[in-house]
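The listed protein sequences correspond, in order, to chains A and B. Note that the working numbering has the first sequence beginning at 13, numbered continuously upward. Note that the working numbering has the second sequence beginning at 157, numbered continuously upward. Quick reminder that beta carbons are idealized off the backbone N, C-alpha and C, glycines included.
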Amino acid sequence: MTTHVVADSATMFRRSLRRMRRYPSLTFFTAGLPVVFLLLFVYVLGGTMGAGIGGPASAGGARDAYLAYVLPGILLLTVVGVGTGTAISIAMDKTQGIIARFRTMSIARASVLTGHVLGGVVQAFLALAIVVVVAVVVGFRPTTGALSVAAALGVLALTAIAVAWLSVAMGMAPESVETASNLPMILTLLLFLSSAFVPTASMPEPLRWFAEHQPFTPIAETLRGLLLGTPIGSDALIAVAWCVVISVAAFVWAQRLYERLPARPAA
Amino acid sequence: MIATSTPAVAVSGLRKSFGSQLVLDGIGFQVAEGSVFALLGPNGAGKSTAIHILSTLLRPDDGEVRIGGFDVVREPERVRSLIGLTGQVSAVDPQFTGEENLRLMADLGHLGRPLGRQRVADLLERFDLTEAAGKPASTYSGGMRRRLDLAMTLVGEPRIIFLDEPTTGLDPRSRRVMWDIVRDLVARGVTVFLTTQYLEEADRLANRIALLDGGRIVAEGTPAELKRLVPGGSVELAFDAQSDLDRAARLLPAAVRDDQALTLRVTERGGVQGVRHVLDLLDRGSVEVEGLSVRPVDLDDVFLSLTGRSDGHEESRS
Chain A
13 MTTHVVADSA TMFRRSLRRM RRYPSLTFFT AGLPVVFLLL FVYVLGGTMG AGIGGPASAG
73 GARDAYLAYV LPGILLLTVV GVGTGTAISI AMDKTQGIIA RFRTMSIARA SVLTGHVLGG
133 VVQAFLALAI VVVVAVVVGF RPTTGALSVA AALGVLALTA IAVAWLSVAM GMAPESVETA
193 SNLPMILTLL LFLSSAFVPT ASMPEPLRWF AEHQPFTPIA ETLRGLLLGT PIGSDALIAV
253 AWCVVISVAA FVWAQRLYER LPARPAA
Chain B
157 MIATSTPAVA VSGLRKSFGS QLVLDGIGFQ VAEGSVFALL GPNGAGKSTA IHILSTLLRP
217 DDGEVRIGGF DVVREPERVR SLIGLTGQVS AVDPQFTGEE NLRLMADLGH LGRPLGRQRV
277 ADLLERFDLT EAAGKPASTY SGGMRRRLDL AMTLVGEPRI IFLDEPTTGL DPRSRRVMWD
337 IVRDLVARGV TVFLTTQYLE EADRLANRIA LLDGGRIVAE GTPAELKRLV PGGSVELAFD
397 AQSDLDRAAR LLPAAVRDDQ ALTLRVTERG GVQGVRHVLD LLDRGSVEVE GLSVRPVDLD
457 DVFLSLTGRS DGHEESRS
């Protein structure tokens, strides 16, 4: 009966991992976009952007300053990009009828979705590892201690969990796989409307207000503080609260969608 | 069949609508343990909806559905531990091999490693999939995929199995294989509830048949009982000319005509007397009959006489 939540979730998690192993190109692809953005932001825009955020006047110095500033944004872009893959994988399950099979089996209800979420988090960390390696190669160095870096990983994990639950729900909500794959793009847009790539101070007033009150700004500021020693203040608490609230709300939404999935997938 | 134990399936007053469309209009039936029950009807009759409700995928609007004594609405988890469903849409994971698909089911059934491996190997063997076990299911033929689908359902050894149109779209050979599998399941004491559009399939496999049409059960019984509803069998009349067919069709308005073959099929109830009556009628109308054949009653005739259509090929609704 429902007492097998852990065992069933583990089974579903193994299924996600196996899919990842079988199709490694997906991981490389999800890491590819943030890597390209990182290089573009640093080498194409970095000289100008770095000066704009008050970095050194020399082009090289400005680039380094912007690399440091933008890296949290690139890490979040990686996490959000993996969400698209998570949404696609659950949407594919849905269209293939295997979810209907799971729903008639005596397995823990949450396990099917939890498997996708855990798979999404692992995928996010694999992609993050690739992005971080590239960032270090181009000159990024955290200026804080190991403990702070570990805390930053923790914040990334919480964000990845929130994004994964949201993506699972977004993957189930629409009729088609195509729509499911586009919905998480909203998160990418949201990320650009935050302090992840430029300080909110440079934005016009209404946008600035929005940027400062949406989840990605406190998350980005917390990561920045943990990696570079900038002041964090209440951002850490707000960031964690956002992640928890989004995860719980998306979990409830996803469970409800799962229970009400049509018995027969749309052909 | 003696009703000593709880019926495997007990349905009464089951209703379901989608929006304003009434799909099931108060149906009821019982399925004895260890028997095969066929829900027979045309596309859009509500067969799949019924099987989805029985297998806990859909909630009924009204009525009571008990599976192995458990209520599908109040105790869905108990029901799920008893049942297995092989639906019309393939429920295999095409990205994984046949063996991996079966393993997944063994893990979800908490069989444990040795028993799980054993059962997976047995099922691969029994469903003639051993050779293809290591290939991705996406490369399987329709028949193989259907066998894998059913094998996955059987990993947990469910007591009651729901098969939604198990042979639709299969070639005749694969269909026969599927029939053998169903017979084998019943021999092992499993209760099988299947839906089909094929009268022959219901006739060959089922202990009892319910005829579903327009959301209502129009007849229910053993194949023999249903055939008794139409005692005479049918007479097929062949004609040489279209004009003869036209005139005969006017004299026998209840008959089913086939303009291509120039034949007319009359379901009649009077045995030899009935045949004579038909011929007299045509004789008096001076219609030339080219040939005549008498067929013993089959479920086609039952269907025809109960629904006014020759068989299930109507507009489909899914």
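- request: Would you verify that the beta carbon of G109/A is, or is not, closer than 7 Å to some beta carbon of chain B?
  value: yes
query: For the alpha helix (DSSP H) that contains D359/B, what are its first and last residues?
result: L355 to L361
- prompt: Excluding sequence positions up to five away, which residues of its chain have a Cβ less than 6 Å from the Cβ of S179/A?
  reply: Once the five neighbours on either side are set aside, the close Cβ partners of S179/A are G95, T98, A99 and P196.
query: Is any beta-carbon of chain B found at less than 7 Å from that of M117/A?
result: yes
task: Would you kindly work out how many angstroms separate the C-alpha atoms of T351/B and V192/B, rounded to a whole number?
output: 11 Å
- prompt: In whole angstroms, what separates the C-alpha of G200/B from that of G370/B?
  reply: One C-alpha to the other measures close to 8 Å.
query: Excluding five sequence neighbours on each side, which residues of the same chain lie with their C-beta closer than 7 Å to the C-beta of L50/A?
result: Cβ neighbours of L50/A beyond the five flanking positions: I86, V143, V146 and A147.
- prompt: Is L195/B close to chain A, meaning its C-beta is less than 7 Å from at least one C-beta of that chain?
  reply: no
task: Quick one: residues in its chain with C-beta nearer than 6 Å to the C-beta of H208/B, no 5 flanking neighbours on either side, listed in chain order?
output: L214
- prompt: In chain B, which residues lie with their C-beta within 7 Å of the C-beta of A19/A?
  reply: H266
message: Is the beta carbon of V338/B closer than 7 Å to that of L304/B?
response: The answer is no: Cβ separation not under 7 Å.
message: Assuming the contact rule is C-beta atoms closer than 8 Å, G64/A and R75/A should be a hit. Round their C-beta distance to whole Å, please.
response: Contact flag wrong, Cβ pair sits at about 12 Å.
task: Could you tell me which chain B residues have their CB closer than 7 Å to the CB of R31/A, listed as they occur along the chain?
output: Correct list: Q251.
- prompt: From what residue to what residue does the beta strand (DSSP E) around D414/B run?
  reply: Under the DSSP assignment, D414/B falls in the beta strand (DSSP E) whose first and last residues are V412 to D414.
- request: Tell me whether S21/A sits in a helix, a strand or coil according to DSSP, three-state version.
  value: helix
- prompt: Whose C-beta lies closer than 8 Å to the C-beta of S246/B among residues of the same chain, with five residues either side of it excluded?
  reply: Result list for S246/B: R301, R302 and D305, in chain order.
field: Residues of the segment 165-188 of chain B with Cβ closer than 8 Å to any Cβ of chain A, in chain order
entry: Result list empty, no residue passes.
message: By DSSP's criteria, S447/B is part of a beta bridge. Which residues make up the other side?
response: Sequence check: residue 447/B is Gly here, not Ser. Bridge partners of G447/B: A394/B.
- request: Look up F283/B in the DSSP assignment and say whether it is helix, strand or coil.
  value: In the structure shown, F283/B falls within a coil segment according to DSSP collapsed to helix, strand and coil.
field: Contact set between H225/A and chain E, taken where Cβ atoms lie within less than 9 Å
entry: Here the protein chains are A and B, and chain E is not one of them.
query: What's the call for W254/A, buried or exposed, on a 16-neighbour Cβ count within 10 Å?
result: It is buried - the Cβ of W254/A has at least 16 other Cβ atoms within 10 Å.
message: On a Cα-Cα basis, can you pick out the residue from L29/A, L83/A and L219/A that is closest to V150/A?
response: L83/A
field: Nonlocal neighbours in the same chain, by C-beta distance under 6 Å from G299/B, ignoring five residues either side
entry: L326 and S330
- prompt: Per DSSP, D218/B forms a beta bridge with which residues?
  reply: R171/B
query: Excluding five sequence neighbours on each side, which residues of the same chain lie with their C-beta closer than 8 Å to the C-beta of L435/B?
result: V445 and L448
query: Between which two residues does the alpha helix (DSSP H) containing L202/A stretch?
result: M197 to F204
task: Whole angstroms is fine: what's the gap from E470/B's alpha carbon to L195/B's?
output: With a pLDDT of 41 at E470/B, under the threshold of 50, the modelled position of this residue cannot be trusted, and the question is left open.
- request: For D456/B, name the three-state secondary structure that DSSP assigns.
  value: helix
query: Nearest-angstrom Cα distance between G219/B and S168/B?
result: 6 Å
- prompt: Is the CB of G370/B under 7 Å away from at least one CB in chain A?
  reply: no
Nearest-angstrom Cα separation, counted from S70/A out to Q135/A: About 38 Å.
- prompt: When the distance is taken between beta carbons, is A375/B closer than 7 Å to L462/B?
  reply: yes
- request: Please confirm if the segment 177-192 of chain A is in contact with the segment 265-273 of chain A, defined as three or more CB-CB distances below 8 Å between the two stretches.
  value: yes
message: Do V311/B and G265/B have their beta-carbon atoms positioned less than 7 Å apart in this structure?
response: yes
message: With distance defined between alpha-carbon atoms, name the residue in R440/B, L385/B, S399/B and L460/B nearest to R421/B.
response: L460/B
field: Rounded straight-line distance, which links the Cα of P216/B to that of L241/B
entry: Using only the alpha carbons, I get a separation of about 17 Å.
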